[in-house]
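Single-structure report; data block below.
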DNA sequence: TTATATGATGATAGCGCTGTCAATTGAAGC
DNA sequence: GCTTCAATTGACAGCGCTATCATCATATAA
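Residue numbers (the working numbering), protein chains in the order written: chain A, 4 to 354; chain B, 4 to 354.
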């Protein structure tokens, strides 16, 4: 049984609380923001008045009056992707205790949606803006340059940061993964990619150059799709690649979800990993270490990236302008070597 | 090289744009909100003034003046969990085009953090609030009852909805999964759970009652942990359960991540699924259909849940009070039957 | 022609809070 | 006693925008 709601009665405001507590509105405001500045017995009276009226301060009015929002704007490329989830968690863990509120919008890997998200966030007058990409539209760039707040670009690296850039070289990471497979003795190394955003493109470029350098490059070894990456897609791309290149010895996957799909597809087809097929993922998500076989992947310091982003933002905000010396911080990455590629160097020759 | 930012120059405001375009401030405001109400040539002049000044409206002032925020507040229990990611996507897909902005906070499965998140969101004067849980603290409940906006509780079902409740019976779902395994002929059916939030507790209750009903209940068959669920944890819980109950025939996992961990652990131990061990997951995440073996799971209509939540909210907001007849909507669930349990009914007897 | 409707723009007040400074109190010092 | 000071509390203006109503030009009808 659902009781129809009574018509909207005006929410209680500061002055209502003040009236009930028998003090002035300013005092209530102070009791909320700096409790140590009002006497204990008044504080108590005010607190109970607040509870009685179920009073909740109006943030919009507060932001307008103080021109401080305590909002940290964040634009992520995806909410579904595990990488961003971990990164966001790190941000929350840092900002929440510091009294800042993290406000997240999703760009779905589209620079135009990112631009819209940036406009929306800037409208909230955030204290800082954090972007999980380095390629903004020209208009977005201009807005950000004029925003007058710390801007952090993360995940990738760029030669021309708007303000501060914390990330890793996606190119180098793609290159490392490829060289690892080459060193294992593989010649026919495929690459799987979904939705070619700027980061993925850089990874692919790293792969391509590494292959060219060793004279192993072959267009046919690249399999990609425009749809977002899923485990299922990993299996499909792998199947497609395999039917085009039956002599495939190894695959480098644009991310761990695709790699998981490859592992499953191999299991279905009875292809032994790593004996018959080496598989490398990207991101080193939680499951990579405990899959069977455990997945070799590129370990990206996404938690550290979040922690450091937050730390730098907090320093700038609190230190009023004390900015880090360098505006471009390369956090590096590691190859998490596991069973999906741990094969003898001779293997490539046995084929 | 990082150029230190010039000191904060005041952001341009409505009156600056008005001055530059040679009109009054109200007209600029109108040009932004209802462009059809100002003449085309004026609109053009105003637009270019906006671009020139990189003007972005101050949302706080706008919200304060209009007392309409176009914000939809959402509290999710977790950002890492795939279920919520899908649910959020559905919400975004519905609200974005309608001109509403979805604001997400994370409660990390804690009712107290949820209460804090609710307070924070209510402070933004949202148009509606969506909660991915049905168990709120008494204070949170009181605040929500007085909020004067649509409140949606989702995921689970409750006898006493605050306003509108859209979800599924977690109890029935747990029961169905268990009965499925019992019908396959299994007697020793274990259950794995991580972090016993209210939803998980209901699923476990469904399992327990189903087992009791058939005289199969045994405390030893429940394995759980306080830490958040991961693939790794799935493997660990399974190992622990197996060493305590070596005669285990089947496991019902509290979610698909745990189930994935079980599949991998079985692969490592050479236990054949489903021949030697039946595995059931929960949520039917994307990978469940393409794992090897494909995972039987409880398919929860989380996308539909999101779509319907948004639809109802939009109807109430626009229709000014036209509320659905029932305040409790059961969306139901399905058993997604796949290879991880597709065994002959005789199997249980062969042991 | 004058009355009336229509569309486009402007003037004014105020949303609910906080920054600033003034007023009040009581205690301590001379 | 009177001053001085710190600790509390209050008065007032204003943050940047929008709702509301007034104004003005133009078009249409009588």
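Cβ coordinates follow ideal geometry from the N, Cα and C atoms, glycine included. Small disclaimer: the values here were computed from a predicted structure and weren't measured.
So, for residue i: in the same chain, excluding its five sequence neighbours on each side, which residues have a beta-carbon less than 7 Å away from its beta-carbon?
| i | result |
| --- | --- |
| residue 127 of chain B | 72, 74, 76 and 106 |
| residue 337 of chain B | 302 |
| residue 236 of chain B | 197, 228, 230, 261 and 264 |
| residue 232 of chain B | 197, 198, 257, 258, 260 and 261 |
| residue 269 of chain B | 276 and 280 |
| residue 152 of chain B | 129, 130, 131 and 132 |
Going by the beta-carbon positions, is the gap between residue i and residue j smaller than 9 Å?
| i | j | result |
| --- | --- | --- |
| residue 167 of chain B | residue 331 of chain B | yes |
| residue 355 of chain A | residue 62 of chain B | In the structure as shown, chain A starts at 4 and stops at 354, and residue 355 of chain A therefore has no counterpart that could be examined. |
| residue 306 of chain B | residue 131 of chain B | no |
| residue 197 of chain B | residue 240 of chain B | yes |
| residue 160 of chain B | residue 172 of chain B | yes |
| residue 253 of chain B | residue 189 of chain B | yes |
| residue 312 of chain B | residue 165 of chain B | no |
| residue 143 of chain A | residue 114 of chain A | yes |
| residue 125 of chain B | residue 157 of chain B | no |
| residue 339 of chain B | residue 292 of chain B | yes |
Tell me which residues share the same chain as residue i and place their Cβ nearer than 6 Å to its Cβ, disregarding the 5 neighbours each side in the sequence.
| i | result |
| --- | --- |
| residue 296 of chain B | 276, 342 and 343 |
| residue 288 of chain B | 85 and 259 |
| residue 349 of chain A | Confidence in residue 349 of chain A is poor, its pLDDT being 47 and thus under 50, which makes the residue's placement unreliable; the coordinate value appears in the next sentence. So no residue of the chain qualifies. |
| residue 180 of chain A | 255, 283 and 301 |
| residue 147 of chain B | 154 and 165 |
| residue 361 of chain A | This structure cannot speak to residue 361 of chain A, because chain A is shown only from 4 to 354. |
| residue 194 of chain B | 210, 225 and 255 |
| residue 304 of chain B | 334 |
| residue 320 of chain A | 130 |
| residue 53 of chain A | 20 |
Please report the Cβ distance between residue i and residue j, rounded to the nearest whole angstrom; I am assuming they are in contact, meaning their Cβ atoms lie under 8 Å.
| i | j | result |
| --- | --- | --- |
| residue 200 of chain B | residue 80 of chain B | 7 Å |
| residue 82 of chain A | residue 88 of chain B | 5 Å |
| residue 298 of chain A | residue 266 of chain A | 7 Å |
| residue 247 of chain B | residue 213 of chain B | Contact flag wrong, Cβ pair sits at about 21 Å. |
| residue 178 of chain B | residue 209 of chain B | 4 Å |
For residue i, is the classification buried or exposed, using 16 other Cβ atoms within 10 angstroms of its Cβ as the cut-off for buried?
| i | result |
| --- | --- |
| residue 30 of chain A | buried |
| residue 40 of chain B | exposed |
| residue 20 of chain B | buried |
| residue 309 of chain B | buried |
| residue 163 of chain A | exposed |
| residue 37 of chain A | exposed |
| residue 226 of chain A | buried |
| residue 202 of chain A | buried |
| residue 141 of chain B | exposed |
| residue 238 of chain B | buried |
| residue 69 of chain A | exposed |
| residue 27 of chain B | exposed |
| residue 101 of chain B | exposed |
| residue 18 of chain A | exposed |
| residue 139 of chain A | buried |
| residue 51 of chain A | exposed |
| residue 206 of chain B | buried |
| residue 44 of chain B | exposed |
| residue 221 of chain B | exposed |
| residue 136 of chain A | buried |
Per DSSP, what are the beta-bridge partners of residue i in this structure?
| i | result |
| --- | --- |
| residue 272 of chain A | Note: residue 272 of chain A sits in no beta bridge, so no partner. |
| residue 256 of chain B | B:195 |
| residue 226 of chain A | A:195 |
| residue 209 of chain A | DSSP, once it has assigned bridges, lists no residue as partnering residue 209 of chain A. |
| residue 333 of chain A | A:170 |
| residue 299 of chain B | B:283 |
| residue 320 of chain A | According to DSSP, which records beta bridges pairwise, residue 320 of chain A is partnered with nothing at all. |
| residue 74 of chain A | A:104 |
| residue 338 of chain B | B:301 |
| residue 187 of chain B | Its beta-bridge partners do not exist; DSSP assigns none. |
| residue 156 of chain B | B:134 and B:168 |
Within its chain, find whatever has a CB closer than 8 Å to the CB of residue i; leave out the 5 residues flanking it on each side and keep chain order.
| i | result |
| --- | --- |
| residue 25 of chain A | 48 |
| residue 216 of chain A | none |
| residue 33 of chain A | 40 and 41 |
| residue 123 of chain A | 108 |
| residue 386 of chain A | This structure cannot settle anything about residue 386 of chain A, because the visible part of chain A is limited to 4 through 354. |
| residue 352 of chain B | For residue 352 of chain B, the predicted structure reports a pLDDT of 41, less than 50, and the residue's modelled location is therefore unreliable. A value from the coordinates is still provided. Excluding positions up to five away in sequence, the list reads 188. |
Residue i: beta carbon under 8 Å from a heavy atom of the ligand PLP?
| i | result |
| --- | --- |
| residue 165 of chain A | As presented, the structure is devoid of all ligands, the ligand PLP included, so that no description of it is given. |
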